[in-house]
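Same order as they appear, the protein sequences are chains H and F.
For what it's worth, the working numbering labels the leading residue of the first sequence as 1, then goes sequentially.
For what it's worth, the working numbering labels the leading residue of the second sequence as 1, then goes sequentially.
Note sheet for the following structure.
There are 2 protein chains.
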Amino acid sequence: MTLSLFDTDAPHGEASRLTAFSGNRLDRDAEHRTDQSLEDAMNRDGAHILAFAGNRLVLKQREAGLDPLFARHELPVLEPDPAKAVLLGFRQDGSPRIAMPVLTDPEQLALHFRLTDARSAFRDGLADEETLGEVAQGLSLIHWNDAHLFCGKCGTRSESKLGGYKRQCPACNHMMFPRTDPVVIMLTVDVASDLVLLGRGHHFAPGMYSTLAGFVEPGETIEDAVRRETFEESGIRIGRVRYHASQPWPMPHSLMIGCFAEALSSEISRDEQELQDCRWFTRAEVSTMLDADPAGAGPFAPPRGAIANRLTRDWLDWSR
Amino acid sequence: MTLSLFDTDAPHGEASRLTAFSGNRLDRDAEHRTDQSLEDAMNRDGAHILAFAGNRLVLKQREAGLDPLFARHELPVLEPDPAKAVLLGFRQDGSPRIAMPVLTDPEQLALHFRLTDARSAFRDGLADEETLGEVAQGLSLIHWNDAHLFCGKCGTRSESKLGGYKRQCPACNHMMFPRTDPVVIMLTVDVASDLVLLGRGHHFAPGMYSTLAGFVEPGETIEDAVRRETFEESGIRIGRVRYHASQPWPMPHSLMIGCFAEALSSEISRDEQELQDCRWFTRAEVSTMLDADPAGAGPFAPPRGAIANRLTRDWLDWSR
């Protein structure tokens, strides 16, 4: 049997869709953003706003549960900062979605609203998949704007343009565009021994093991980044690399590129600065880890929705 | 026949290796960069330097041909700017590779040396694949440093750290790291009709047609970016997406992510601002275009080494 170009033997049609923060379905209308787009959208019927206090999402307590969407008239109490707002796009019914930083002291806000970081919002199911995807987009863009308030070329205060999708220097005209940092995250597989390589960083919750990961550097292919990062952190040599899934990761604005990596060696030489532990796990161990209680003694895997969980689970399913 | 995890029916083992600028084999030793690394490397025997005048590479004319590598003693005539130099990494024999911006007026330089942009260097074969990969890394990092001379948070002049891989603000301690911009570039295939979608931007050489492309935005998966960009530029709806190859593209610091995209519709609605033309091509037409002389009447495809060429050529080969 020859597979056609779009057929695959992978256990899912599109694994990216099964990762957290991948549910964003907004029409971004990216090619037609203007300096007027944000104001127009703010004044449109049905405009709803996601409010952010620093890197935390603000949620209202309603009878039906927690609600992350604010109407315009509900904003003033939060002290919105419209000069740093971002137009995310439009829902299918045409209603605009806007991300708005707020200035009220988070301590004060916490008395009347609930504040949550993106990771907890997805782990605790505080918003549906589609809204979580919008939260990811909003957080990334607000963080990017906030880190580029001044021109990198001449130091002058920069101005927000195109609804938060560009910043421009009024002095030297230098233009800055939102950044997205590609990160490779890979499940290394020893095919002959049927083992996979997992490690734990020094800051991990006790008992958690995950796939290795690292930023793609300038001048590198995805495959070379997988090989370099795996070798630097574990001493394992990698041969073939297979892309599997991607995931937006808004801490602060990464694109996780999930791959399977073929181990060509087995002796681990751990980078002690990066990793507290790194070892090979059997299929049975991985299966147990995916179901293990994070409150238990471990080892356990990252939560469902994390791309590391997806890679690990799909490796188990693939060869069944 | 079931393919194992790392087997593929693609016509090459790793298509990324067949793209221009992907030949970088330096040991970056990324986990161990320090503020002292660059100076140590400069003083090491065998240190060789790539010199850049703005975004152009400086080449020496030698009897054996053009040479992009400078020894330290050859630099002074170019007026090097060591505060903006970058340590790229080490060759297999341990010799350091360094990227150095130079201050001499390019007009003056051109009298004694040859200057070339990265695109011409690869198209005209002015350096081997490995060196071209180092040039890509160097150009990207020099451009990034140059665009972050001032702190984005407070406007203070920033300082280069970790051999050019970090910039830090002495006033507020804000840290900035090199950026790499993920771009999706996709060959859209109408499987039933055996046609592919190609377009031409307003700035293309007359007669050239290429695959559509666009930046991945914050909060987007690779697959969603492929669908959004294709729809925005051509009006074609995309279903399945298959990753094929990646390529470092140093104009100024992109990561090209090459995919095949499955067309679900056939009627083109071109974005006139982005594209001067966009249409479906038959297998026979594409085959002719790949061999066509760019100096002729066209249509012709992008040159060998470009990821658009790779995607198109591999689509032809796949189903043979």
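Just so you know, even glycine gets a beta-carbon here, dropped at the ideal spot from N, CA and C.
**Message:** I want to see whether chain H comes within less than 8 Å of Lys161 (chain F), judged by CB atoms only; does it?
**Reply:** Interface annotation, Lys161 (chain F): not in contact with chain H, CB-CB separation never under 8 Å.
**Asked** So Leu139 (chain F) packs on Pro299 (chain F), CB below 8 Å; how close in whole Å?
**Response** Approximately 30 Å separates the beta-carbon atoms of Leu139 (chain F) and Pro299 (chain F); this is outside 8 Å, ruling out the contact.
**Asked** Can we say the stretch 245-263 of chain H touches the stretch 160-175 of chain H, given the rule of at least three CB pairs closer than 8 Å?
**Response** No: fewer than three Cβ pairs fall under 8 Å.
**Request:** Kindly list, in the order they appear in chain F, the residues whose Cβ is closer than 7 Å to that of Pro170 (chain H).
**Result:** Those do not exist, as Pro170 (chain H) stays about 13 Å from chain F at its closest Cβ, beyond 7 Å.
**Span of the alpha helix (DSSP H) around Arg270 (chain F)** = Counting along the chain, Arg270 (chain F) falls outside any alpha helix (DSSP H), and DSSP gives it neither H nor E.
**Message:** Which of the three DSSP states is assigned to Arg279 (chain F) in this structure?
**Reply:** Reduced to three states, the DSSP call for Arg279 (chain F) is strand.
**Prompt:** Using 8 Å as the limit for Cβ to Cβ distance, is Pro347 (chain H) near chain F?
**Reply:** Because chain H spans 1 through 320 in this model, residue 347 (chain H) falls outside it and cannot be assessed.
**Prompt:** Is Trp280 (chain H) close to chain F, meaning its C-beta is less than 8 Å from at least one C-beta of that chain?
**Reply:** Judged by the 8 Å Cβ criterion, Trp280 (chain H) is not in contact with chain F.
**Item:** Arg349 (chain F) vs Leu316 (chain F) beta-carbon contact at 8 Å
**Value:** Absent from the structure is residue 349 (chain F), since the part of chain F shown begins at 1 and ends at 320.
**Given Gly133 (chain H) as reference, the closest of F:Glu229, F:Asp45, F:Trp318, F:Glu220 once Cα atoms are compared** = Of F:Glu229, F:Asp45, F:Trp318, F:Glu220, the residue nearest in Cα terms is F:Glu220.
**Asked** Residues of chain F with a CB under 7 Å from the CB of Ala147 (chain H): which are they?
**Response** Near Ala147 (chain H) (Cβ distances below 7 Å), the residues of chain F are Gly152, Lys153.
**Item:** Check whether Val183 (chain F) and Ala213 (chain F) have beta carbons under 8 Å apart
**Value:** Contact flag set, yes.
**Request:** Would you mind working out which of F:Cys278, F:Met100, F:Ala263 sits nearest Arg270 (chain F), comparing C-alpha positions?
**Result:** In this structure, F:Cys278 is the residue among F:Cys278, F:Met100, F:Ala263 with its C-alpha nearest to the C-alpha of Arg270 (chain F).
**Request:** Determine the extent of the beta strand (DSSP E) in which Pro96 (chain H) is found, giving its start and end residues.
**Result:** Per DSSP, the unbroken beta strand (DSSP E) holding Pro96 (chain H) starts and ends at 96-101.
**Prompt:** Going by DSSP, which residues form a beta bridge with His48 (chain H)?
**Reply:** Paired residues: H:Arg97.
**Request:** Give the DSSP-derived three-state secondary structure of His174 (chain F) in the structure shown.
**Result:** It is coil, neither helix nor strand.
**Environment of Thr2 (chain H) [buried if 16+ CB atoms lie within 10 Å]** = Its pLDDT being 47, under 50, Thr2 (chain H) is placed unreliably by the model, and the measurement read from it follows with that caveat. With a threshold of 16 other beta carbon atoms within 10 Å, Thr2 (chain H) falls short and is exposed.
**Message:** I want to know whether the stretch 59-69 of chain H touches the stretch 83-96 of chain H - three or more CB-CB distances under 8 Å.
**Reply:** No, the stretch 59-69 of chain H does not touch the stretch 83-96 of chain H.
**Item:** Collapsed DSSP secondary structure at Arg167 (chain H) in the structure displayed
**Value:** Arg167 (chain H) falls in the strand class under three-state DSSP.
**Prompt:** Start and end of the beta strand (DSSP E) containing Ile257 (chain H)?
**Reply:** Residues 254-263.
**Chain-ordered residues of the stretch 267-293 of chain F with a beta carbon less than 8 Å from chain H** = From the stretch 267-293 of chain F, only Asp271, Gln273, Glu274 have a Cβ closer than 8 Å to chain H.
**Item:** Beta-carbon separation (whole angstroms), Val189 (chain H) vs Ala263 (chain H), contact threshold 8 Å
**Value:** The pair is a contact, with the Cβ atoms about 6 Å apart (cut-off 8 Å).
**Message:** Going by the DSSP bridge assignment, what does Glu159 (chain F) pair with across the sheet?
**Reply:** Looking at the DSSP output, Glu159 (chain F) bridges to F:Gln168.
**Item:** Distance CB(Leu141 (chain F))-CB(Asp35 (chain F)) smaller than 8 Å
**Value:** Not closer than 8 Å, so no.
**Message:** With distance defined between alpha-carbon atoms, name the residue in F:Cys259, F:Gly23, F:Tyr209 nearest to Glu229 (chain F).
**Reply:** Nearest to Glu229 (chain F) by alpha-carbon distance, out of F:Cys259, F:Gly23, F:Tyr209, is F:Cys259.
**Prompt:** So what does DSSP say about Gly219 (chain F), is it helix, strand or coil?
**Reply:** When DSSP states are grouped into helix, strand and coil, Gly219 (chain F) belongs to the coil group.
**Message:** I want to know whether the stretch 45-59 of chain F touches the stretch 107-117 of chain F - three or more CB-CB distances under 8 Å.
**Reply:** Segments in contact, yes.
**Prompt:** Taking only beta-carbon atoms, is Thr2 (chain F) less than 8 Å away from chain H?
**Reply:** Its pLDDT being 47, under 50, Thr2 (chain F) is placed unreliably in this model, and the value from its coordinates should be taken loosely. Closer than 8 Å to some Cβ of chain H, the Cβ of Thr2 (chain F) qualifies, so yes.
**Request:** Show which residues of chain F have a CB atom less than 7 Å away from the CB atom of Thr188 (chain H).
**Result:** Residues of chain F whose Cβ lies closer than 7 Å to the Cβ of Thr188 (chain H) do not exist, since the nearest Cβ in that chain is about 11 Å away.
**Request:** Out of F:Met256, F:Ser210, F:Phe215, state which residue places its alpha-carbon closest to the alpha-carbon of Glu223 (chain H).
**Result:** Of F:Met256, F:Ser210, F:Phe215, the residue nearest in Cα terms is F:Met256.
**Asked** Would Asn24 (chain H) be called buried (16 or more neighbouring beta carbons within 10 Å of its own) or exposed?
**Response** So Asn24 (chain H) ends up on the buried side.
**Message:** Just to confirm the assignment: which complete alpha helix (DSSP H) runs, minimum length 4, are found wholly within the stretch 9-81 of chain F?
**Reply:** For the stretch 9-81 of chain F, the full-length alpha helix (DSSP H) segments reaching 4 residues or more read 37-42 along the chain.
**Prompt:** To the nearest angstrom, how far is it from the Cα of Leu337 (chain F) to the Cα of Asp314 (chain F)?
**Reply:** Nothing in the structure corresponds to residue 337 (chain F), since chain F is present only between 1 and 320.
**Request:** Rounded to whole angstroms, what's the CA-CA distance from Ala47 (chain F) to Val226 (chain F)? Just pull it up for me.
**Result:** Taking the straight line from one Cα to the other gives about 42 Å.
**Glu14 (chain F) at chain H interface by Cβ criterion, 8 Å** = True, the Cβ-Cβ gap to chain H drops below 8 Å.
**Message:** Tell me which residues share the same chain as Ser120 (chain H) and place their Cβ nearer than 8 Å to its Cβ, disregarding the 5 neighbours each side in the sequence.
**Reply:** Hits under 8 Å: Leu126.
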